[in-house]
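S.K.: Residue numbers (our numbering): 1 to 569. Think of the CB as a built atom: it goes at the ideal place given N, C-alpha and C, for glycine as much as any other residue. Keep in mind the model is a prediction, meaning the values are calculated, not measured. Take a look at this one; I'll ask things after.
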RNA sequence: CGGGGCGUGGCUCAGUUUGGUAGAGCACCUCGCUUGGGACGAGGGGGUCGCAGGUUCAAAUCCUGCCGCUCCGACCA
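Next up, the structure:
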């Protein structure tokens with residue numbers, strides 16, 4: 001590629017709309033341009049990176065026994081109605097009508113499509129297992145598109161779906177995908193970690209997310225410093241904390257004027273925060289949900305959703321609290337009717353004795369509250385968020401927190417869709433059974449952004465060589481200097497002949513401009529050709545990642561040397 | 001959806017308080033000069049000031065409504 005012809009307009013200044021570094025750099029380096037909120041055009045450089053990532057994904061998917069196909073983006077409403085998700089999916093689904101006013105959507109995912117496809121063609125256990133995948137644009141009308149490609153409304157995704165005869169076979173398919181994902185992200189040169197993930201209503205140990213470790217990541221993960229355990233904080237399971245046993249004391253009401261937070265109350269009553277219980281109120285389609293955790297703990301909303309088996313969970317309004325006979329800041333389980341309001345109590349709270357909590361009226365708390373005697377929960381469950389002071393749920397070791405960008409997820413669907421959409425097969429006894437499914441996603445465009453998030457410096461992007469748009473840039477320092485120009489062309493052409501993806505900056509620009517753009521775009525290797533080294537019959541090689549500069553003699557060996565160098569980047 | 005901020009040439013922004021000729025830097029075009037880390041000089045092109053109403057002799061500026069972008073909270077590759 002000749003940079004003089006390359007459509008990659010670089011910007012000197014950071015566009016005001018970009019907040020995170022990957023977004024800023026992709027705009028500045030001429031990789032993409034915005035069409036609307038969360039919707040972008042990929043310019044040639046970005047497309048090359050995407051194709052590199054896709055090629056790696058394809059190789060590993062094919063290797064793992066999956067077959068590529070391509071399903072429609074425009075999907076009829078009927079199959080979504082059949083699975084029940086047409087109404088559940090809500091505002092996030094891009095919907096449209098055809099000229100006959102029939103309902104369609106732009107595919108946010110393809111479980112319905114693939115299941116209705118497969119059910120028509122697969123009838124026998126002999127045709128299983130089957131794993132199909134596609135790479136395609138997905139559409140989700142996000143509440144809040146942000147961070148450039150990290151959360152777009154249109155994005156590129158690889159989605160795979162496995163069909164097996166039973167759960168044992170699903171485990172094998174799942175493991176094959178898990179291993180393929182590990183290879184994919186390793187080959188992309190990313191620092192990532194698979195973590196246990198919430199699998200929602202489907203339950204079981206059925207999901208892992210692949211997280212690229214980055215401070216700008218939207219997800220929070222915990223990992224053990226002593227064993228292999230790693231999980232999304234949403235998922236991390238916690239055993240009930242036991243408390244020191246002590247005799248029950250008499251329930252007592254105390255005045256706590258203007259003590260609306262747990263810190264206020266403990267301060268005012270001179271009480272240890274571990275002797276207090278705080279409440280968080282939510283509303284859902286099943287009504288009000290009051291959650292109780294120890295004062296120094298936090299509620300994990302995902303766990304609440306799973307425990308109560310609800311879909312929508314929102315913070316309750318003061319009005320709703322009044323109606324339920326309580327008041328914000330002074331909520332407590334004592335005297336609440338578990339028939340009218342869901343009372344969800346964290347299992348650690350059930351081990352506490354003589355604790356303090358709200359009395360459901362202003363400026364008033366109870367002391368010496370005891371589970372069993374003073375209130376009846378609707379549910380007792382692990383509903384709290386893991387904290388860094390907690391022990392590893394697996395080995396009891398010390399845990400640490402980090403942030404991550406979710407670039408992939410593997411998920412056991414079991415028979416959720418095959419039952420809803422009647423995708424069945426006949427086993428060897430002629431018995432009809434639902435296929436056991438799994439689904440596996442890679443955010444391709446997000447992976448590109450994540451790679452930048454993790455690999456950049458003040459000068460620009462530092463592409464891992466495996467996914468760089470071009471691997472080598474040849475820079476003639478001054479195109480008017482005939483010898484430099486000629487030698488640069490020769491080196492460029494030799495690199496191309498050797499199968500190296502090279503570009504040459506043949507623009508009539510000053511060297512500073514070319515160097516700045518080279519760093520910004522992030523070519524892994526830069527070769528500078530100018531009088532300074534040419535007089536010694538050498539070319540200068542600079543490694544973008546390390547800043548290391550070396551000279552190579554201008555003979556037949558330099559192409560080989562560069563090839564070897566690239567393998568190490 | 002709720003809450004904040006912002007919409008002025010391609011990009012970054014000034015001008016809005018106090019209404020009166022639309023500006024700067026970068027980018028772009030021409031010429032000259034320059035060439036190892038975003039040079040310099042001269043000349044030039046490009047803006048319905050987000051949109052629609054209103055107030056006024058006069059609106060980028062004041063008023064009303066709408067739209068878009070962005071950040072903070074509930075969702076997810």
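Between the stretch 509-520 and the stretch 452-465, do three or more beta carbon pairs fall short of 8 Å?
M.R.: Flag = yes, the stretch 509-520 and the stretch 452-465 touch.
S.K.: Quick check: the stretch 222-232 against the stretch 419-428, are there 3 or more CB pairs under 8 Å?
M.R.: no
S.K.: Have a look at 338, 313, 315, 314 and flag the residue whose alpha-carbon is nearest the alpha-carbon of residue 325.
M.R.: 338
S.K.: By Cβ distance below 8 Å, which residues in the same chain neighbour residue 191 in space, the five residues on each side in sequence not counted?
M.R.: 212, 213, 454
S.K.: Less than 7 Å between C-beta atoms, sequence neighbours within five positions excluded: which residues of the same chain meet that for residue 174?
M.R.: For residue 174, where only same-chain residues beyond five positions count, the Cβ hits under 7 Å are 410, 412, 438.
S.K.: Between residue 180 and residue 64, how many whole angstroms is the CB-CB distance? I'm expecting something under 8 Å.
M.R.: 4 Å
S.K.: Looking at the unbroken alpha helix (DSSP H) that takes in residue 183, where does it start and where does it end?
M.R.: 167-187
S.K.: Span of the alpha helix (DSSP H) holding residue 517?
M.R.: 511-521
S.K.: Report yes if the C-beta distance between residue 283 and residue 331 is below 9 Å; otherwise report no.
M.R.: The answer is no: Cβ separation not under 9 Å.
S.K.: Hey, would you say residue 474 sits closer than 9 Å to residue 527, going by beta carbons?
M.R.: yes
S.K.: Could you check the C-alpha separation between residue 57 and residue 184 for me, to the nearest Å?
M.R.: 6 Å
S.K.: Given a threshold of 16 other Cβ atoms within 10 Å of its Cβ, counted over all protein chains shown, does residue 505 qualify as buried or as exposed?
M.R.: Its Cβ being crowded by 16 or more others within 10 Å, residue 505 is buried.
S.K.: The alpha helix (DSSP H) that contains residue 77, what's its start and end?
M.R.: Per DSSP, residue 77 belongs to the alpha helix (DSSP H) from 77-83.
S.K.: For residue 57, name the three-state secondary structure that DSSP assigns.
M.R.: In the structure shown, residue 57 sits in a helix (DSSP, three-state: H, G or I).
S.K.: Excluding the 5 residues preceding and the 5 following residue 512 in the sequence, name in chain order all residues of the same chain whose CB lies nearer than 7 Å to its CB.
M.R.: Counting only Cβ-Cβ distances below 7 Å, and skipping sequence neighbours, we find nothing.
S.K.: Round the Cβ separation of residue 333 and residue 375 to the nearest angstrom and send it over; I've been treating them as touching at under 8 Å.
M.R.: 4 Å
S.K.: Name the residue from 543, 159, 487, 20 whose alpha carbon lies nearest to the alpha carbon of residue 555.
M.R.: 487
S.K.: Exposed or buried, which one is residue 75 when buried takes at least 16 other CB atoms within 10 Å?
M.R.: buried
S.K.: Looking at C-alpha atoms only, which residue of 94, 534, 447 is the closest neighbour of residue 481?
M.R.: 534
S.K.: Provide the residue span of the beta strand (DSSP E) that contains residue 440, from first to last.
M.R.: 436-443
S.K.: From residue 176 to residue 110, what distance separates their C-alpha atoms?
M.R.: 20 Å
S.K.: Taking just the CA atoms, how far does residue 444 sit from residue 497?
M.R.: 30 Å
S.K.: For residue 6, is the classification buried or exposed, using 16 other Cβ atoms within 10 angstroms of its Cβ as the cut-off for buried?
M.R.: buried
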